[in-house]
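Position 190 of the sequence shown, counting from 1, maps to 555 under my numbering, and the rest follow consecutively.
In what follows, a single structure is set out as structure tokens and then discussed.
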Amino acid sequence: MKITSARFLRSAVDPSGFPEDDLPEIAFLGRSNVGKSSLINSLLGTKGLARTSSTPGRTQAINYFLINDRFYFVDLPGYGYAKVPEAIRKQWGPLVENYLANRRSLVLCISIVDSRHKPTAQDKQLVTWLKDNDLAYALVATKADKLSNNQLKTTLSESRSVLGVDEIIPYSSLTRAGVERVWRTIDASLTGNKQV
Ligand code: GTP
Ligand code: MG
């Protein structure tokens, strides 16, 4: 896909902040620090776009980026970050769950794991939840540049079996390895083909 424009729209802290124009949405989910914002930036070929959202106070919000005036990338708050105060952590569940369960313009959830590590209990819970709720999803394993090809093969195969999925796309925001595969998946979801 050719990116002609990409801009930060807004941070939503509750559903009243979600756009009302019914444009399709691609959501990015994963634990804190897994590389969500880096994935968004590297897919778009921009450097600092998704960072605008990581200023303090915004990190627990849902960040909207408008792409080509045609669809949204939605950067969801990361889960599992121990330093987040309990009160904020309690908001995470309801805000994200409400978004995932009720957002009708959501066409694809990109669930992100770290290629170096076994999926966490929360990664597993999320994928199970996506399956149970019949949401279209795709798995992306970031930081693939930190592993050798052999290591990557092993960890991806382990992760596929732990998560019970057929495909995990290895990705590196550093080298942009995997960028075409991720875009193909996004394109397919935007053209109404929910197969991933
Ligand atoms: P939160 O917004 O805090 O939830 O984090 P995030 O998931 O958006 O992660 P972010 O993109 O900020 O990346 C976290 C750290 O991992 C940064 O230091 C990135 O430079 C690094 N990182 C992300 N993706 C990659 C990658 O593919 N390869 C390497 N080597 N480092 C990466
Ligand atoms: Mg981020």
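Virtual Cβ for every residue (Gly too), placed ideally from N, Cα, C.
The model shown is predicted, which means the values in this text are computed figures rather than measured ones.
*Taking only heavy atoms of ligand 2 into account, decide whether any of them is closer than 7 Å to the Cβ of Lys412.*
no
*Measuring from the CB of Ala415, is there a heavy atom of ligand 2 at a distance below 7 Å?*
yes
_Tell me the residue span of the alpha helix (DSSP H) that contains Arg525._
Asn514 to Leu528
*Under the criterion of a Cβ to heavy atom distance below 7 Å, does Ser376 qualify as lining ligand 2?*
No - ligand 2 has no heavy atom lying nearer than 7 Å to the Cβ of Ser376.
*Would you decide whether Ser407 is buried or exposed? Buried here means 16 or more other CB atoms lie within 10 Å of its CB.*
The residue in question, Ser407, is buried, as its Cβ has 16 or more Cβ neighbours within 10 Å.
*Paired residues, beta bridge with Tyr536 - DSSP*: Answer is none; Tyr536 lacks a bridge partner.
_According to DSSP, residues forming a beta bridge with Val439_ = Ala392 and Tyr429
*Is Gly547 near ligand 1, with its Cβ less than 7 Å from a heavy atom?*
The amino acid occupying residue 547 in the given sequence is Val; Gly does not appear at that position. It does not: the Cβ of Val547 is nowhere closer than 7 Å to a heavy atom of ligand 1.
*CA-CA distance, Leu374 and Val439?*
Between Leu374 and Val439, the alpha-carbon positions lie close to 10 Å from each other.
*Kindly examine ligand 2 and report whether one of its heavy atoms sits closer than 7 Å to the Cβ of Ser538.*
no
_Which of the three DSSP states is assigned to Leu500 in this structure?_
coil
*Put Thr493 into one of helix, strand or coil per three-state DSSP.*
helix
_Excluding the 5 residues flanking Tyr502 on each side, which residues of the same chain have their C-beta closer than 6 Å to its C-beta?_
Cys474, Ser476 and Leu495
*Classify Asp488 as helix, strand or coil using the three-state DSSP reduction.*
Three-state DSSP puts Asp488 in a helix.
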